[in-house]
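The opening residue of the first sequence carries number 902 in the working numbering; numbering runs sequentially from there.
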Amino acid sequence: MDVSYIFEDLNEPQRDAVAAEPGPLLVLAGAGSGKTRVLTYRVAWLVQAQQCSPLSIMAVTFTNKAAREMRGRIEKLLGFPVGGMWMGTFHGLSHRMLRSHAQDAGLPATFEILDSDDQLRMIRRVLKELNLDEGYWPPRQIQWTINGHKEEGRRPHDLSDSHDPQVQVLHKIYSNYQALCQRFGLVDFAELLLRALELMQNNERIRNTYQDRFRHILVDEFQDTNSIQYRWLKLFADKHKNITVVGDDDQCVYSWRGAQVENLRKFEKDFPGAQTIRLEQNYRSTEIILNAANAVIDQNQGRFGKTLWTEGEKGEPIQLYAAFNEVDEARFVIDRIKSWVGQGNQRSSCAILYRSNAQSRVFEEVLLDVGMPYRVYGGLRFFERAEIKDALAYMRLISNPHSDAAFERVVNVPTRGIGNKTLDQIRARAREKQQSLCNAAVELLQSGLPPRATQSVQRFLQLMDDLRKSAEGHELAEIADLVINRSGLIEHYRKEKGERAEARVENLEELVSAARNFRHDEDDELDELSSFLAHAALEAGEGQAEEWEDCVQLMSLHSAKGLEFPLVFLTGMEEGLFPHQRSMEEPGRLEEERRLCYVGMTRAMQQLVMVYAEVRRLHGREHYTSPSRFLSEIPHEHIQEVRSPMISRAVVRRYDKSDSAGQSVNGIKLGSRVRHNKFGDGTVLNLEGRGESARVQVNFEDVGSKWLVLAYTSLHAI
DNA sequence: TACTATTTAATTTTT
DNA sequence: TTAAATAGTA
C-alpha cells in the first residue's frame, strides 16, 4: 500500500500528529492550521499504514455537518466507503448505542427523542401539574438548570438536600420531569449522553464490548466538550488509551453552554504520557491578519500558547472605519462589497459578522435597498419550524398512538374545537388512570363529554385511525403527503394570507421531498418512519433551503467558527456590544469574548475590515459608544483607518482616537472605582452621553448595578 | 376561538 | 425598537 501521499501533503508537525504512535495524543491546532486535515489523514494512516479495520475506529464531532464532511474526506482519501466506521456526533453515537441496548438502558424500544422545544413543553406540563406559576418559575431557566444537572451527570437523587425552599422546588420539578419522561419513553438531548454513559458504566458486558471494539478514538473540537462528553470519551478510551483529540483553547466560545476548556488540561493529567503537538502554521490568512489576531488573543491569561505564522503574503493592513451610526456602518460595508464585487470577486466570498443576531437587520435593509442578494445564517432550522413540527407530530402519532407530546401538539392544530377545557379533562383522566392521552380520550368518549366536544374528539380520533390505516405499506414520502393534506394542516396555511403562511405551505411541501430523500439504513433497529423521526430530532437540517445564487454571507461570530472568507467585516466593534455588556462583569466571560474576536479575525483570508458605530440605536435608545477594547489590542501599525467619504465626518467625530479605551467624565471612566453616598462603592460598567445627559452604569457591591445620571448624582472616583 | 391591546425583555445555540 | 408572550375583548 502506497501511503507516501500522507507525508507529501503535510508539514512536519502535521505529519508527526498523523503518524504518531498509538496512545493519547493532544493536537493543539490553531485557526486555519489544518486540523481537519490532520484528523482525516490520521484515520487514513491508521487504516492504510497500520492496517486498522475501519470498524475499530470511532470519530466524534459536534455537528452532523462536520461528521458528514469528515466521512466524505476520509472516503476520498481511502478510495472506498467506510460505512462500518463509527463517525458522528456525541448525540448521534449515543443514540445508536441506546437503540441497540434500549432494554439494558432502561428504555422502551420505541423511545423518542425530545428536542429542546419539546423539552420546554414537557417542563411547562410539569409546572402545571405541580401548580407552579410560570412567571415565578421561568420554564427556560428550569430547562437550563435541568440540562446543567444532566451535563454534570447529576440525577435527581444525586442532589443533596437543601434547606432552601427554592432549591427544593427545583429538585422536585427535575425529578417529576424525569419521571414523566421515563413514563413516556422520552429522551432529551442531554439524556442521550448521560444514558449512554451510564449504560457503559453499569453494564460490564456492554462496556467491554465497546471498549474492545474501538481501538482508536478521534475527537474534533475537543475544547468544546462538556463534563459528560469528557467522561464519555474517557470511558470509551479506557482500555486502549488510543485517543487523539484535536482542539484549540483559543477558540473555546461555548463555555456558557457547558464547554470546559479545562478538559484540555484534564486530558494531559488523565492520560499520562500524552503527546502534545502544536499546529501553528496557518494556511488561511495573511501575515498581518495573523499578527493582529495573535496580539489580541495574547491578552488572555493561562493559555496553552500558540503563535500563528504563515509563509504566505504580508497582505493589506486591517481597515478600521468609525461609522457615524449603524446605518452608516451598513452603507459603508455594502459599498465596500460593491467595489469588491466590481473587481471581479464573488459576493459569497464576503462575510458580514456580528456579535448578536439583531444586528443583521440594518444590513438586511440596506442590502434589500441596493438589491444585493444575501443569506443570513441562524434562525430556525428546517425541522424546528412550527409547521414542520406539527406535521412530524402527526407522523409520530401514526408511529406511536400513545405519544403524549405529539398528541398535545396537534390535537387542536388546525383548530377543530378541542379547547382547553376538553383537553384538561383528557389530561386529568390520563393522569388518574396512568394512561396515554390517546387512551384517555377514547375512554372519555364513553363516559360522557359535552356533545360538541364528543364530536370533535371523535373526529380527531377517527382522523388518526384513518391516517394510520392509509399509511400502512406506503412510502415515507406518501405518508408525509397524506399527513399534511388529510390533517388539514396545509389547507389551514393556504387559507391564511401573508408571506409567512406562504412560506409555511412551501415548507410543508418541502417536507415531502425531505421524506423522499431520506435514506433508511437497512440494519437500522427502527422501521423507516421511526428512523426518519429520530433523524429529524437529531439533525435539525439547514436554516434555509440551499441557495445557489451568489450571496453575501451574514452571520453571528459564533456561527462563523470553522468557516473562512476572503473578505471579512467585523461589525459592531463597540464596548457593550462586543465585548457584550453581559460578558463584561466576569473576567472569565471577557476572555471568552476575546476568543470570539480571535475567531472572527482569523476567518479572514485576504482582507479584514473592522467597523464600529459612534452612535448606535439599541432597544429604541441611542447610545454613544466607545470603540471596543479589542481594537486597541491590535498593534497600531497593522491598522489603517478608513476615512469617511463625507467631509463632515471629521466634524461629527467627537472623540480622541488615542484614547480609544473610552471617554472620561469628571475623572470617571470605564472600569474606574467610584463612591456614591447612598449606594456605596462600585465599578463603572458603562458610560454614555455627554454633558447634562451623561449617564453611567455602576455595579455597586451592595446594591448591584444601577444607571445614574451624572448631573443629578453625587458620584466621585476613588 | 380569533383578534387586539398591553406588557416585557432584549448574547451567543453545535445536539 | 421589536418581537413575543400574555391578557382581555368581540
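Each residue gets a CB set at the ideal place from its N, CA and C atoms; glycine is no exception.
Helix, strand or coil, according to DSSP, for residue i in the structure here?
{"i": "Ser1460", "result": "helix"}
{"i": "Glu1486", "result": "coil"}
{"i": "Cys1251", "result": "strand"}
{"i": "Thr1126", "result": "coil"}
{"i": "Leu926", "result": "strand"}
{"i": "Gln951", "result": "coil"}
{"i": "Tyr1037", "result": "coil"}
{"i": "Gln1541", "result": "strand"}
{"i": "Arg1576", "result": "strand"}
{"i": "Val1599", "result": "strand"}
{"i": "Ser964", "result": "The question names Ser, but residue 964 is Thr in the sequence shown. The answer is coil: DSSP assigns Thr964 none of H, G, I, E or B."}
{"i": "Met1474", "result": "coil"}
{"i": "Met1506", "result": "strand"}
{"i": "Ala1618", "result": "strand"}
{"i": "Pro1467", "result": "strand"}
{"i": "Val904", "result": "coil"}
{"i": "Leu1455", "result": "strand"}
{"i": "Leu940", "result": "helix"}
{"i": "Asp1270", "result": "helix"}
{"i": "Leu1362", "result": "helix"}
{"i": "Pro1528", "result": "strand"}
{"i": "Leu1060", "result": "coil"}
Tell me which same chain residues have a C-beta within less than 6 Å of the C-beta of residue i, skipping the five on either side of it?
{"i": "His1141", "result": "Arg1116"}
{"i": "Lys936", "result": "Ala930 and Val1147"}
{"i": "Gly985", "result": "Pro955 and Leu956"}
{"i": "Ala1416", "result": "Leu1377, Ala1378 and Ala1381"}
{"i": "Ala1306", "result": "Asp1019"}
{"i": "Ser1261", "result": "Val1277 and Leu1455"}
{"i": "Asn1032", "result": "none"}
{"i": "Leu1021", "result": "Pro1040 and Gln1044"}
{"i": "Thr1220", "result": "One detail in the question is off: residue 1220 reads as Gln in this sequence, not Thr. Taken in chain order, the residues that qualify are Val1510, Gln1541 and Val1543."}
{"i": "Leu1338", "result": "Asp1305, Phe1308, Ile1327 and Ala1331"}
{"i": "Tyr1075", "result": "Ile1047 and Pro1057"}
{"i": "Tyr1222", "result": "Phe1233, Val1512 and Val1543"}
{"i": "Trp1241", "result": "Leu1468"}
{"i": "Glu1013", "result": "Leu1087"}
{"i": "Glu1214", "result": "Thr1187"}
Leaving aside the five residues before and after residue i along the sequence, list all residues of the same chain whose C-beta is less than 8 Å from its C-beta, in chain order.
{"i": "Phe1466", "result": "Ser1250, Cys1251, Ala1252, Gln1454, Arg1504, Ala1505 and Met1506"}
{"i": "Trp946", "result": "Val904, Ile907, Val919 and Ala920"}
{"i": "Arg1518", "result": "Asn1226, Glu1227 and His1524"}
{"i": "Leu1008", "result": "Leu999, Gly1086, Val1088 and Arg1096"}
{"i": "Ile1299", "result": "Met1365, Leu1368, Arg1369, Ala1372, Ile1380, Val1384 and Leu1430"}
{"i": "Ile1178", "result": "Pro914, Asp917, Ala918, Ala921, Leu926, Leu927, Val928 and Leu929"}
{"i": "Asn1578", "result": "Ser1615"}
{"i": "Gln1004", "result": "Ala1010"}
{"i": "Ala1441", "result": "Asp1016, Arg1282, Phe1283, Phe1284 and Glu1285"}
{"i": "Ser1549", "result": "Below a pLDDT of 50, predicted positions are generally treated as unreliable, and Ser1549, at 40, falls in that range; no measurement from the model is reported."}
{"i": "Glu1475", "result": "Tyr1513, Ala1514, Arg1517, Thr1526, Ser1527, Pro1528 and Ser1529"}
Which partner residues of residue i appear in the DSSP bridge assignment?
{"i": "Tyr1513", "result": "Ala1223"}
{"i": "Ile958", "result": "His1117"}
{"i": "Glu976", "result": "BP columns for Glu976 are empty, so no partner."}
{"i": "Trp1210", "result": "Gln1182"}
{"i": "Arg1522", "result": "Leu1519"}
{"i": "Asp1428", "result": "Answer is none; Asp1428 lacks a bridge partner."}
{"i": "Asp1089", "result": "Leu1015"}
{"i": "Gly1581", "result": "His1577"}
{"i": "His1481", "result": "Gly1477 and Leu1478"}
Check the C-beta distance from residue i over to residue j and give it rounded, since I have them as a contact under 8 Å.
{"i": "Glu1188", "j": "Gly1216", "result": "6 Å"}
{"i": "Thr1126", "j": "Ala1091", "result": "Between Ala1091 and Thr1126 the Cβ distance is about 14 Å, and since that is not below 8 Å, they are no contact."}
{"i": "Thr1526", "j": "Glu1534", "result": "Going by Cβ atoms, the distance from Thr1526 to Glu1534 rounds to 17 Å, so no, they are not a contact pair."}
{"i": "Leu940", "j": "Met971", "result": "7 Å"}
{"i": "Ser995", "j": "Leu1094", "result": "5 Å"}
{"i": "Leu1081", "j": "Val1027", "result": "6 Å"}
Here's a check: name, in chain order, each residue in its chain whose Cβ is nearer than 7 Å to the Cβ of residue i, leaving out the five neighbours to either side.
{"i": "Ser1460", "result": "Tyr1278 and Gly1279"}
{"i": "Glu1052", "result": "Ala1091, Asn1127, Ser1128, Ile1129 and Gly1159"}
Enumerate, from N- to C-terminal direction, the unbroken beta strand (DSSP E) stretches of 3 or more residues contained entirely within the region 1165-1194.
1176-1180
Considering only residues of the region 1277-1329, which uninterrupted alpha helix (DSSP H) runs meet the minimum length of 4 residues and lie entirely inside it, listed in chain order?
1287-1300 and 1305-1311
What alpha helix (DSSP H) runs, 4 residues minimum, are completely inside the region 1096-1164?
1105-1114 and 1128-1137
Which runs of the alpha helix (DSSP H) spanning at least 4 residues fall entirely within the region 975-1013, listed in chain order?
991-1001
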